[in-house]
Amino acid sequence: LEVVALQGLDIEIARGEMLALVGPSGSGKSTFLSALGGLDRPSAGKLEVDGQNLLKLNQAELTTYRREQVGFVWQQTTRNLLPYLTARENVELLMTLAGRGLRERRAWAAELLDAVGMHEYANQKPTQLSGGQQQRVAIACSLANKPKILLADEPTGEVDWPTAQMILKLLHDLRDRYNLTIVLVTHDPRVAEQADRVVAIRDGRTSSETIRAEERLSSNGTEAPTLGAPRLAIEELV
Numbered sequence: 004l005e006v007v008a009l010q011g012l013d014i015e016i017a018r019g020e021m022l023a024l025v026g027p028s029g030s031g032k033s034t035f036l037s038a039l040g041g042l043d044r045p046s047a048g049k050l051e052v053d054g055q056n057l058l059k060l061n062q063a064e065l066t067t068y069r070r071e072q073v074g075f076v077w078q079q080t081t082r083n084l085l086p087y088l089t090a091r092e093n094v095e096l097l098m099t100l101a102g103r104g105l106r107e108r109r110a111w112a113a114e115l116l117d118a119v120g121m122h123e124y125a126n127q128k129p130t131q132l133s134g135g136q137q138q139r140v141a142i143a144c145s146l147a148n149k150p151k152i153l154l155a156d157e158p159t160g161e162v163d164w165p166t167a168q169m170i171l172k173l174l175h176d177l178r179d180r181y182n183l184t185i186v187l188v189t190h191d192p193r194v195a196e197q198a199d200r201v202v203a204i205r206d207g208r209t210s211s212e213t214i215r216a217e218e219r220l221s222s223n224g225t226e227a228p229t230l231g232a233p234r235l236a237i238e239e240l241v
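Each residue of the sequence shown is one higher than the one before, starting from 4 at the first, in the numbering used here.
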């Protein structure tokens with residue numbers, strides 16, 4: 004059985020941009036996010052990040068790409084947080100696995116928890132936190148590896164709108180603070196409106212595009228460099 008998830012999709016993402024992907028369930032949004040994150044391998048097409056075509060990387064190289072360049076935030080915080088670890092320990096976990104020293108881990112975890120407004124909850128476990136607090140810690144965890152790209156799949160899907168607004172403001176602040184490129188998937192038009200650009204996907208293709216903010220410029224006033232021009236035609240055999 005051949006399944007074509009994306010075809011004819013052509014998107015160029017600028018460094019430092021916040022891009023929202025919208026579309027009905029099954030349209031290919033999450034598939035694109037997984038491909039950009041190196042979790043799924045397209046069988047055809049082109050997917051470039053900083054001039055590097057992900058389709059030409061072997062599995063070990065994709066693992067390195069994910070570990071060094073990409074952070075993930077999921078709708079379900081259980082995918083980011085381990086329930087038996089404190090907030091600080093959850094943020095430190097990826098650094099521990101990467102062989103970072105204790106002093107470096109503690110310093111970076113403290114900075115990230117402070118950046119997301121959760122420093123005073125560093126010793127609390129996820130079950131002791133509200134949904135919004137859990138998502139903020141999850142965002143801190145996603146930045147533990149100092150990624151260039153943050154991929155967020157329905158990051159506000161489990162919280163109410165006031166909390167969602169707080170999370171979106173936090174993402175904007177972190178984007179500016181750490182020079183992140185953020186790609187988020189959402190079903191909520193209110194969330195999409197907070198992005199610099201909104202791209203609608205239908206049946207694996209780009210169906211419309213809306214620019215919500217002025218084109219971002221680099222520090223010297225020139226056009227910001229792009230992550231590349233992903234051209235995907237994914238054919239998965241199942």
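Note that beta-carbon positions come from the ideal geometry of N, C-alpha and C, so glycine has one too. Note that the structure is a prediction, hence the values are computed from the model and not measured.
Pull up the distance between the alpha-carbon of residue i and that of residue j, whole angstroms please.
{"i": "W111", "j": "E196", "result": "31 Å"}
{"i": "E218", "j": "G19", "result": "With a pLDDT of 46 at E218, under the threshold of 50, the modelled position of this residue cannot be trusted; read the value that follows with caution. Spanning the two alpha carbons is a distance of roughly 10 Å."}
{"i": "T34", "j": "T189", "result": "13 Å"}
{"i": "I16", "j": "L187", "result": "12 Å"}
{"i": "I152", "j": "G54", "result": "14 Å"}
{"i": "G104", "j": "V25", "result": "40 Å"}
{"i": "K32", "j": "N148", "result": "24 Å"}
{"i": "T89", "j": "S37", "result": "28 Å"}
{"i": "D117", "j": "A47", "result": "42 Å"}
{"i": "Y181", "j": "G29", "result": "32 Å"}
{"i": "L154", "j": "V52", "result": "13 Å"}
{"i": "V201", "j": "A23", "result": "5 Å"}
{"i": "L177", "j": "L183", "result": "7 Å"}
{"i": "L171", "j": "D191", "result": "12 Å"}
{"i": "A63", "j": "G102", "result": "17 Å"}
{"i": "M21", "j": "L173", "result": "12 Å"}
{"i": "L58", "j": "P45", "result": "7 Å"}
From this set, the options, which residue's C-alpha is nearest residue i's C-alpha?
{"i": "A125", "options": "I14, R91 and Q78", "result": "R91"}
{"i": "K49", "options": "A203, Q131, V202 and I14", "result": "I14"}
{"i": "R193", "options": "G135, S28, S133 and D163", "result": "D163"}
{"i": "D43", "options": "L22, R69 and M21", "result": "R69"}
{"i": "F75", "options": "G54, R139, L60 and Q131", "result": "R139"}
{"i": "V73", "options": "A198, A203, I185 and Q137", "result": "I185"}
{"i": "H122", "options": "N93, M98 and G104", "result": "N93"}
{"i": "T80", "options": "T166, I142, H175 and D179", "result": "I142"}
{"i": "L96", "options": "G31, C144, E157 and G41", "result": "C144"}
{"i": "L60", "options": "L39, D176 and W77", "result": "L39"}
{"i": "M169", "options": "D156, L65 and Q136", "result": "Q136"}
{"i": "E161", "options": "W77, L183, R205 and I204", "result": "W77"}
{"i": "G134", "options": "G102, P158 and L57", "result": "P158"}
{"i": "H175", "options": "D156, Q62, T99 and A198", "result": "A198"}
{"i": "D156", "options": "P150, N83 and L65", "result": "N83"}
{"i": "Q127", "options": "M98, P86, N56 and A203", "result": "P86"}
{"i": "L146", "options": "T130, M98 and L132", "result": "M98"}
Helix, strand or coil: how does DSSP classify residue i here?
{"i": "E51", "result": "strand"}
{"i": "A195", "result": "helix"}
{"i": "D13", "result": "strand"}
{"i": "A63", "result": "helix"}
{"i": "D43", "result": "coil"}
{"i": "D156", "result": "strand"}
{"i": "G134", "result": "helix"}
{"i": "T89", "result": "coil"}
{"i": "T184", "result": "strand"}
{"i": "L24", "result": "strand"}
{"i": "R18", "result": "coil"}
{"i": "V2", "result": "Only positions 4 to 241 of the chain appear in the structure, and residue 2 is not among them; the question remains open."}
{"i": "A147", "result": "coil"}
{"i": "A38", "result": "helix"}
{"i": "A167", "result": "helix"}
With 9 Å as the threshold, decide whether the Cβ of residue i is near any Cβ in chain C.
{"i": "L57", "result": "Absence of chain C from the displayed structure is noted, only one protein chain being present."}
Exercise for the section: Mind listing, in chain order, the continuous beta strand (DSSP E) runs of no fewer than 3 residues lying wholly within the stretch 72-121? Expected result: 73-77, all fully within the stretch 72-121.
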